[in-house]
Structure formats: structure tokens, C-alpha cells
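Undergrad:
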Amino acid sequence: MKQDKNKIIISASLTGGATNRSHCQYIPYTPVELGEEAKRAVDAGASIVHIHAREDNGVPSWRTEVFEEISKEVRKRCPHVIINFSTGAIGLSVAERTNHLKATQPEMAAFNMGSMNYAIYSKRRKEFLWKAVFENSFDTMAAIVGVMNDNGVCPEMECFDTGHIRNAEPLRDMGLIPDNACYSLVMGVLGGIPATAENLIHQSKQVPENAFWQSIVISKAQWKLTAQSIILGGNIRVGLEDNFYLPNGEMAKSNGELIAEAASLARTIGREPATITETREWLNISRVSNS
Numbered sequence: 421m422k423q424d425k426n427k428i429i430i431s432a433s434l435t436g437g438a439t440n441r442s443h444c445q446y447i448p449y450t451p452v453e454l455g456e457e458a459k460r461a462v463d464a465g466a467s468i469v470h471i472h473a474r475e476d477n478g479v480p481s482w483r484t485e486v487f488e489e490i491s492k493e494v495r496k497r498c499p500h501v502i503i504n505f506s507t508g509a510i511g512l513s514v515a516e517r518t519n520h521l522k523a524t525q526p527e528m529a530a531f532n533m534g535s536m537n538y539a540i541y542s543k544r545r546k547e548f549l550w551k552a553v554f555e556n557s558f559d560t561m562a563a564i565v566g567v568m569n570d571n572g573v574c575p576e577m578e579c580f581d582t583g584h585i586r587n588a589e590p591l592r593d594m595g596l597i598p599d600n601a602c603y604s605l606v607m608g609v610l611g612g613i614p615a616t617a618e619n620l621i622h623q624s625k626q627v628p629e630n631a632f633w634q635s636i637v638i639s640k641a642q643w644k645l646t647a648q649s650i651i652l653g654g655n656i657r658v659g660l661e662d663n664f665y666l667p668n669g670e671m672a673k674s675n676g677e678l679i680a681e682a683a684s685l686a687r688t689i690g691r692e693p694a695t696i697t698e699t700r701e702w703l704n705i706s707r708v709s710n711s
């Protein structure tokens with residue numbers, strides 16, 4: 421079913437893997453904290469929650485048991501929200517990146533669409549604070565999306581540059597990418613496309629006609645480009661994984677505060693946040709994940 425462009429799908433990125441409470445004290449770590457943050461985000465207007473797993477001390481986790489606990493705690497508070505688990509990791513095998521999908525069968529999962537240099541650089545210190553090669557060859561991508569297909573998981577295709585959007589073409593031609601797969605236009609990560617208005621227009625024009633797309637902006641330009649995405653007819657993602665700050669410069673105390681600002685911005689521009697039921701209909705996602 422085609423999306424009503426008077427409505428907008430809002431995704432909440434509850435917690436990432438690259439930051440911790442030394443950067444923002446409100447980042448959720450535990451399954452219970454993630455369940456509570458999911459509830460705050462849904463109450464504010466989100467219909468999808470994107471989640472990276474962590475151990476209780478905040479260290480990124482790929483243990484299936486942790487994902488199972490997260491799913492249980494989210495479902496306890498948000499029975500129908502679309503759960504989107506990460507599969508993005510550096511230095512892990514395909515099996516290690518996807519075992520949790522088989523156990524929890526989330527409605528959606530992030531699907532990284534190409535290899536890239538991934539780094540954080542300090543201009544002040546004139547050095548890289550962190551750098552690595554994020555490997556996502558065509559063989560790796562085919563294996564990961566194969567697991568998604570086997571478990572009924574909708575791919576959320578994270579495209580960090582124009583070539584990543586193009587990488588979907590052969591996989592789609594091979595029958596590996598379903599029609600309801602989503603394009604996420606990630607901007608502002610060093611190694612990927614810069615977060616500018618011109619680049620967002622360019623990226624959005626590369627997405628196939630009538631395909632679902634959303635912006636993910638990792639920079640101080642997030643709110644400006646989020647507004648632009650709304651105007652262009654796209655969908656949006658905000659949350660403590662992507663940006664800690666509200667439009668007024670204050671640090672958000674929860675994902676709910678960030679989603680509330682995004683929902684208010686959408687309404688100001690003339691688009692109402694989609695309900696979970698509407699989002700499920702437009703993305704053709706009927707089943708509820710395991711919990």
C-alpha cells in the first residue's frame with residue numbers, strides 16, 4: 421500500500437554502539453532501560469524503534485540472550501511497535517552479526533549497503549580518534565540479507581553514500597531484496613556523504629520511485645535536514661544514537677524528547693506522524709516479532 425504523504429513515519433534510534441554515558445548520561449544500556457525508552461519514543465510519535473544491544477555496563481553486545489531480553493522488555497511496554505535490530509559490526513562474521521535475527525525475528529533490521537572507511541577525526545587534535553574499515557562486500561551483503569529473508573525480516577538498507585544506493589540494484593535483480601525494503605540515507609559520518617542540503621536532494625533522487633526512504637543525519641545539521649526530509653516527502657529518524665541535542669541546543673534527557681521535537685516539526689510543516697498500524701500497512705509488515 422502506498423504511503424499517505426500527509427503522514428510521516430518516525431523512527432527512534434534508541435542507542436548506538438559508538439557512544440556512552442561519558443558523552444550523554446541519558447543513553448540507555450540495559451534491556452529494561454531500552455524498553456522504557458521505546459515506550460517514551462512511541463508515546464511521542466515513533467512507530468519504529470532501532471536498537472543496538474549493549475551489556476549492562478554499556479559495552480556493545482552481540483549475545484543473542486541480550487537481544488532476546490531487549491525484545492521482551494520492549495514488547496512488554498509496546499506490544500505493536502516495529503522493532504529494528506542492528507546487524508552492523510566491524511570484525512565479526514556474518515553469523516555473529518545475524519544470530520540474534522533467527523532467535524528474535526524482529527520485523528526489521530538494519531542492512532549496511534557497502535564497505536567504507538568509518539572514522540572519527542579531531543580537527544583540534546589533528547588526529548583520528550577512531551578509524552576502521554567497515555566491510556560489507558556483495559558476498560557479505562547477500563549472506564546477511566539471506567538470513568533476513570529466511571526469517572521474515574524487512575531490510576532497512578543503510579546507505580552512507582550514493583554508491584550504496586546503487587548496490588541495491590544487483591541484489592534486487594537477484595531476488596534478494598523484497599519490495600518493502602527501506603532506504604535509509606545516512607549522512608554526516610566521516611567516510612560517507614557529508615550532511616548538506618544539496619546532498620540530501622541528490623540522495624533522495626537516487627531512490628527508486630515510490631520506495632520508502634528516511635534520512636538519518638549524524639551531525640549538527642540534523643534538525644535542518646530533518647525539516648528538509650519532511651518537505652521532500654521522506655521519512656525521518658532521530659534519537660540518542662544519532663544526536664544528543666534538541667533544536668535549542670539543550671541536551672535531550674530521553675529519546676522521547678527528541679521524537680516529540682521531530683513530531684512537532686513535522687506537524688508544523690503539515691505532516692502528521694503515522695500510527696504504528698499505518699506504518700505496518702504501508703511497509704507490508706503484519707507479523708509481530710518474537711519476545
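Going by this note's numbering, the first residue of the sequence shown is number 421, and it counts up by one from there.
C-beta atoms are modelled at their ideal positions from N, C-alpha and C, and glycine is treated no differently.
1) Would you kindly work out how many angstroms separate the C-alpha atoms of Phe580 and Ala617, rounded to a whole number?
2) If you count every other CB in all the chains shown that lies within 10 Å of the CB of Glu547, and 16 or more means buried, which is it?
3) Relative to the alpha-carbon of Trp702, which residue among Arg657, Ala461, Ala631 and Glu681 has its alpha-carbon at the smallest distance?
4) By Cβ distance below 8 Å, which residues in the same chain neighbour Asn426 in space, the five residues on each side in sequence not counted?
5) Work out the CA separation of Val494 and Leu521 for me, nearest whole Å.
6) Taking the C-alpha atoms as reference points, what is the distance between Gly465 and Phe554?
7) Ordered along the chain, which non-local residues of its own chain (more than five positions away) have a Cβ less than 7 Å from that of Gln525?
8) What are the residues that DSSP puts in a beta bridge with Gly612?
9) Start and end of the beta strand (DSSP E) containing Met528?
10) What are the start and end residues of the alpha helix (DSSP H) that includes Met561?
11) Would you list the residues sitting across from Arg487 in a DSSP beta bridge?
12) Measure the CB-CB distance between Leu610 and Leu620 and report whether it falls below 8 Å.
13) Excluding the 5 residues preceding and the 5 following Ile679 in the sequence, name in chain order all residues of the same chain whose CB lies nearer than 8 Å to its CB.
14) Considering only their Cβ atoms, is the gap separating Gly612 from Met536 smaller than 8 Å?
15) Just to confirm my understanding: we take Met533, look at its own chain, exclude 5 residues before and 5 after, and list those with CB closer than 8 Å. What are they?
16) Excluding the 5 residues flanking His443 on each side, which residues of the same chain have their C-beta closer than 8 Å to its C-beta?
17) May I have the straight-line CA-CA distance separating Glu670 from Glu677, to the nearest angstrom?
18) Can you look up Thr378 in the DSSP assignment and give me helix, strand or coil?
TA: This is what the structure holds:
1) For Phe580 and Ala617, the distance between alpha carbons rounds to 15 Å.
2) With fewer than 16 other beta carbons inside 10 angstroms of its own, Glu547 counts as exposed.
3) Closest by alpha carbon: Ala631.
4) Closer than 8 Å at Cβ, skipping near neighbours: Gly690, Arg691 and Glu692.
5) Using only the alpha carbons, I get a separation of about 16 Å.
6) Straight across, the Cα-Cα distance linking Gly465 with Phe554 is about 32 Å.
7) Around Gln525: Asn571, Gly572, Val573, Ser709 and Asn710.
8) Gly612 pairs with Leu610.
9) For Met528, the uninterrupted beta strand (DSSP E) run begins and ends at Met528 to Asn532, by DSSP.
10) Unbroken alpha helix (DSSP H) run through Met561: Phe558 to Asp570.
11) Checking the sequence, you will find Phe at residue 487 rather than Arg. Assignment of beta-bridge partners to Phe487 by DSSP yields no partner.
12) With contacts defined by Cβ atoms closer than 8 Å, Leu610 and Leu620 do not form a contacting pair.
13) Here Ile679 has Ile430, Ala432, Arg460, Ala461, Ala464, Gly465, Ala466, Val658 and Gly659 as same chain residues with Cβ atoms under 8 Å from its own Cβ, once five neighbours each way along the sequence are excluded.
14) The criterion of a C-beta distance shorter than 8 Å is satisfied by Met536 and Gly612.
15) For Met533, where only same-chain residues beyond five positions count, the Cβ hits under 8 Å are Asn556, Met561, Met577, Glu578, Cys579, Phe580, His584, Ile585, Asn587 and Ala588.
16) Closer than 8 Å at Cβ, skipping near neighbours: Phe664.
17) Those two C-alpha atoms are separated by around 11 Å.
18) Within the shown structure, residues of the chain are numbered from 421 to 711, placing residue 378 beyond reach of any answer.
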